[in-house]
Structure formats: C-alpha cells, structure tokens
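Everything below concerns the one structure shown next.
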Amino acid sequence: MKTIYVVGSLNMDLVIHTDALPKCGETRAGCGFMKNPGGKGANQAAAAAKLGGRVCMVGCVGKENGKDLLEALAQSGVDTRYVQVYDDVPSGTAVILVVGGDNRIVLDSGANARVGISLIEEALLGAQAGDILVTQCEVSVVAVEYALRLAKKKGMTTIFNPAPAAELGTDVFTFCDYIVPNQTETEFYTGVLPEDEEGIRRSAEIFLRRGAKNVLITLGEEGSVCIGEAGCVRIPSYNAGKVLDTTAAGDTYIGALAVCLAEDMSLRNAMLYAGVAAGLTVTRQGAQQSMPLRDEVIKLFEKLT
Ligand code: RIB
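In our numbering, the protein residues as written are 2 to 306.
What follows is the structure, given as structure tokens:
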C-alpha cells in the first residue's frame with residue numbers, strides 16, 4: 002500500500018455559530034461553542050486515514066492543546082511519529098465564526114511556523130517512488146516548497162492545496178502533479194475568477210503554463226473540474242442533505258483524492274469519490290469529527306458508478 006505523507010498544520014478550532022457577522026465595535030450573541038481538532042494539514046490527514054489510507058502526518062504542535070491534537074489524529078488512524086511537540090509556543094489556533102453554514106476563519110499559526118527542512122527530510126527518508134505527498138499553506142512557504150521539491154526528487158506524486166492563498170516562489174508549481182485550489186485561491190494566483198467555462202479554462206492554463214501537471218479547481222456547489230493530463234474532467238457536487246457547516250469540506254475532498262490516487266483509481270472516479278466524501282462532511286458540524294468513514298462513502302459512490 003502506498004503511504005500518504007501530509008506536511009502541514011494542526012490547529013485547535015474554536016467555533017461559534019451566529020446569525021450575522023458583528024460590525025466593527027459590535028458584540029453579537031452566538032451559540033453552540035465547540036473546541037475541535039482542526040488545521041488544514043491534520044484535517045486532510047484525518048480524512049485520508051478515515052477513508053482507509055496509510056497516512057503519516059508531518060507537523061508541529063505546542064504544549065497547550067498539543068496532546069489533544071495528537072490524540073485526535075491517532076484516533077483517526079494517522080501515524081503521528083513525525084509531529085514534533087514544542088514547549089515554548091502555543092499550538093496553531095483557529096477562531097471560526099459559522100454564519101448560515103459558511104465559515105470565516107482567523108488563524109494564529111503558533112507551532113505550525115516551526116515546521117522546517119530537517120523535520121521534512123527526516124519524515125520523508127523512508128518515502129518510496131509512487132507514495133503521495135500532500136501539503137497546504139498553513140506552514141511556512143519555505144517548508145511547502147521544500148516538501149514539494151523533495152517529494153518530486155523521490156518520484157512521489159504531489160498534491161498541493163495552496164490554501165490559504167500565499168505569496169509563493171515562481172517555480173513551486175513545477176513540483177505539483179495536482180494543484181487543488183478553490184475559486185478564491187485560483188483568482189489570487191492567476192488573476193482570473195473561475196466562475197464560468199471561460200474563466201476555468203483561462204485560469205487553469207495559467208497554472209499549467211507555470212508548470213503544474215494537473216489543475217483541479219473545487220467549485221463548491223458546482224462540483225469540481227480538472228484540466229491537465231487527462232484533458233478536462235468535470236464532476237457535479239454531491240448533495241448528501243442539508244448543509245450544516247462547510248468547515249473542512251475542502252480538506253475532506255483532498256484527503257479522499259489522495260487515497261484514490263494511492264489506490265490508482267481513475268481521475269474521474271477519484272473526483273466523484275472525493276465529492277461524495279465532501280458532500281457528507283458539510284451535513285455535519287466541525288472539522289475532523291465531521292468526516293465520513295470509508296464504508297459510508299463507498300455505499301453512495303457505488304450508486305453513482
Ligand atoms: O480548512 C478548515 C481548517 O482551516 C480549519 O480546521 C481551521 O483550523 C483552518 O485551518
């Protein structure tokens with residue numbers, strides 16, 4: 002079985018639901034406070050492990066909340082031996098306001114900023130050609146670029162979720178087998194909002210010209226589209242029920258995609274499967290605890306194929 006290495010963040014999410022965002026100087030009532038293990042890296046690792054992948058997390062936590070974040074990942078089945086614990090810095094913390102199912106996030110990166118080259122080198126020492134590397138932008142740009150470069154040197158397949166949008170070096174896309182941005186991130190990196198066929202084609206061409214092999218844009222309710230080695234593959238979104246909380250839906254999609262690529266599934270089926278997994282996530286509250294297990298996804302996926 003191929004191993005999925007996730008180089009990325011672990012955050013404690015502090016979540017409150019409210020009916021509207023407060024204006025400057027205003028205090029609004031909220032409800033349903035939750036303290037959830039999250040972080041784009043950890044969420045993607047948890048999603049992949051819950052869906053049956055062999056997953057190794059590479060990251061850093063602080064003393065405060067660190068134990069809980071590690072335990073949550075281990076419970077999902079993730080190997081945490083390459084998560085370093087620091088005593089002198091807090092773990093990453095995300096303050097999340099959920100308004101009508103959508104979320105707004107403010108992040109203090111804390112220990113995530115400590116993810117460095119030596120940790121990545123050590124963790125990827127045993128990685129084999131064909132293994133999968135997944136990374137995002139909640140650790141330093143230096144760490145992201147190094148992880149992608151090293152993974153390609155080792156013949157791994159790379160999935161880069163460039164979220165949240167960040168200033169990156171010009172050659173980083175040349176190390177991406179799959180770049181997986183949402184619409185806002187796509188506009189940030191290319192200057193083109195992929196809101197119609199023309200925008201999707203133009204923005205994808207910019208990523209491809211900069212060296213990415215495949216550009217997979219997640220379009221929320223419109224599903225996802227991939228332009229690259231297999232031409233253009235378009236998949237509608239999967240409606241699994243009422244949307245309660247979109248937090249970690251994109252992370253579930255990426256974790257699922259990684260598992261499917263590790264299992265050599267076709268790209269079309271991988272996108273369909275990932276869409277079903279993300280569709281289930283939005284019907285539940287929270288981040289890692291809202292992610293489905295393999296059997297749930299397979300049952301629905303088989304009805305579609
Ligand atoms: O993608 C969702 C995640 O983004 C949350 O869990 C939060 O930690 C932020 O990093």
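Just so you know, even glycine gets a beta-carbon here, dropped at the ideal spot from N, CA and C.
Small disclaimer: the values here were computed from a predicted structure and weren't measured.
Check: residue i C-beta below 6 Å from any heavy atom of the ligand RIB
i: alanine 50; result: no
i: glycine 44; result: With the sequence shown as reference, residue 44 is identified as asparagine, and glycine is not the correct amino acid for it. The answer is yes for asparagine 44.
i: lysine 41; result: yes
i: alanine 250; result: no
i: alanine 95; result: yes
i: alanine 288; result: yes
i: asparagine 12; result: yes
i: isoleucine 160; result: no
i: isoleucine 255; result: no
i: isoleucine 106; result: yes
C-beta atoms of residue i and residue j nearer than 7 Å
i: tyrosine 190; j: threonine 219; result: no
i: glycine 63; j: glycine 42; result: no
i: tyrosine 87; j: alanine 112; result: yes
i: phenylalanine 208; j: isoleucine 236; result: no
i: lysine 51; j: alanine 263; result: no
i: alanine 12; j: glycine 78; result: Note that residue 12 corresponds to asparagine in the displayed sequence, not to alanine. No. Outside cutoff.
i: valine 116; j: valine 142; result: no
i: leucine 305; j: leucine 273; result: yes
i: alanine 278; j: threonine 248; result: no
i: cysteine 61; j: glutamine 76; result: no
i: aspartate 172; j: threonine 159; result: no
i: glutamate 65; j: proline 38; result: no
i: isoleucine 228; j: alanine 250; result: no
i: arginine 202; j: valine 193; result: no
i: alanine 49; j: alanine 275; result: no
i: glutamine 286; j: aspartate 252; result: no
i: valine 244; j: glycine 102; result: yes
i: glycine 256; j: glutamine 45; result: yes
i: glutamate 230; j: lysine 214; result: yes
i: lysine 36; j: leucine 15; result: yes
Cβ shell of residue i (< 6 Å), same chain only, five flanking positions each side left out
i: alanine 166; result: Glu186, Phe189
i: isoleucine 1; result: Residue 1 cannot be examined here, being either before or after the span of the chain that is shown, 2 to 306.
i: alanine 241; result: Gly280, Leu281, Thr284
i: glycine 33; result: His18
i: aspartate 80; result: Cys57
i: glycine 212; result: Phe174, Thr175
i: aspartate 132; result: Lys3, Thr4, Met157
i: leucine 301; result: Val277
Close-in-space but distant-in-sequence residues of the same chain around residue i (CB under 7 Å, 5 per side omitted)
i: lysine 155; result: Leu125, Ala128, Ala130
i: alanine 114; result: Ser141
i: leucine 120; result: Val59, Tyr83, Gln85
i: arginine 55; result: Met2, Thr4, Ile5
i: glutamate 297; result: Leu281
i: glutamate 222; result: Ser238
Test: residue i CB closer than 7 Å to a CB of chain D
i: lysine 64; result: The displayed structure is made up of one protein chain only, and chain D is not part of it.
Beta-carbon proximity list for residue i, same chain, < 8 Å, skipping 5 on both sides
i: glycine 53; result: Val260, Arg295
i: alanine 21; result: Arg29, Val100
i: glutamate 168; result: Val142
The ligand PLP heavy atom lying under 6 Å from the CB of residue i
i: glutamate 303; result: As for the ligand PLP, it is missing from this structure, which binds only the ligand RIB.
Determine, using beta-carbon pairs with one atom in the stretch 7–26 and one in the stretch 136–145, whether at least three such pairs fall under 8 Å.
Touching, yes, given that three or more Cβ pairs across the two stretches are closer than 8 Å.
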